[in-house]
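J.: In the working numbering, the protein residues as written are 24 to 158. Glycine included, every Cβ here is placed at the ideal spot set by N, Cα and C. The model shown is predicted, which means the values in this text are computed figures rather than measured ones. Sharing a structure, written as structure tokens. Questions coming.
Laid out in structure tokens, this is it:
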């Protein structure tokens with residue numbers, strides 16, 4: 024799997040709903056980072072199993088449905104194993120029916136067909152506002 028294929032697989036998982044995460048595309052020693060994580064949220068998780076233990080319940084409890092992932096651009100880097108993807112996610116809050124769009128940037132590295140590093144920059148303020156009852 025290339026970095027481009029890995030991102031496509033992630034996008035497909037987001038759009039198919041909150042099903043179980045298999046972790047099949049993740050290396051055993053994957054590192055997942057959210058540098059701008061909201062207070063009380065992890066900024067870094069090391070290892071496939073710890074990531075799945077965190078992300079599985081989080082995904083199942085999401086109070087929204089992701090309706091669209093619009094990729095603005097994919098930047099290849101000098102390292103063919105790494106890409107930078109600029110995209111937006113549009114979602115509907117299940118409690119209110121309100122739709123919102125937030126921007127993201129992901130730096131994704133793949134070695135031997137598995138994701139070894141993922142760093143995601145999220146618009147956490149916009150996401151929090153969209154999910155609040157008073158949005």
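Closest to residue 113 by C-alpha separation, out of 82, 123, 105, 119, would be which residue?
T.: The candidate whose alpha carbon is nearest that of residue 113 is 123.
J.: Let me know if residue 61 comes out buried or exposed under the rule of 16 or more other beta-carbons within 10 Å of its beta-carbon.
T.: Result: exposed.
J.: How long is the line joining the alpha carbons of residue 128 and residue 96, rounded to whole angstroms?
T.: Using only the alpha carbons, I get a separation of about 10 Å.
J.: In this structure, how does DSSP classify residue 78 when only helix, strand and coil are distinguished?
T.: Residue 78 falls in the helix class under three-state DSSP.
J.: Express the C-alpha separation of residue 88 and residue 51 in angstroms, rounding to a whole number.
T.: For residue 51 and residue 88, the distance between alpha carbons rounds to 29 Å.
J.: May I ask which residues mark the beginning and end of the alpha helix (DSSP H) holding residue 30?
T.: Counting along the chain, the alpha helix (DSSP H) containing residue 30 begins and ends at 26-38.
J.: Cα separation between residue 57 and residue 69?
T.: Looking at the two C-alpha atoms, the distance is approximately 12 Å.
J.: For the candidate residues 110, 37, 145, 146, whose alpha-carbon lies nearest to that of residue 90?
T.: Ranking the options by Cα distance to residue 90, first place goes to 37.
J.: Which two residues bound the contiguous beta strand (DSSP E) that contains residue 102?
T.: Looking at the DSSP string, residue 102 is not in any beta strand (DSSP E), and its letter there is neither H nor E.
J.: Could you have a look at residue 119 and say whether DSSP puts it in helix, strand or coil?
T.: Reduced to three states, the DSSP call for residue 119 is coil.
J.: Measure the Cβ-Cβ separation of residue 54 and residue 71 and say whether it is below 8 Å.
T.: It is not a contact, given that the beta carbons lie outside the stated cut-off.
J.: Roughly how many angstroms separate the alpha carbons of residue 76 and residue 83, rounded to a whole number?
T.: If you take the alpha carbons of residue 76 and residue 83, they lie about 12 Å apart.
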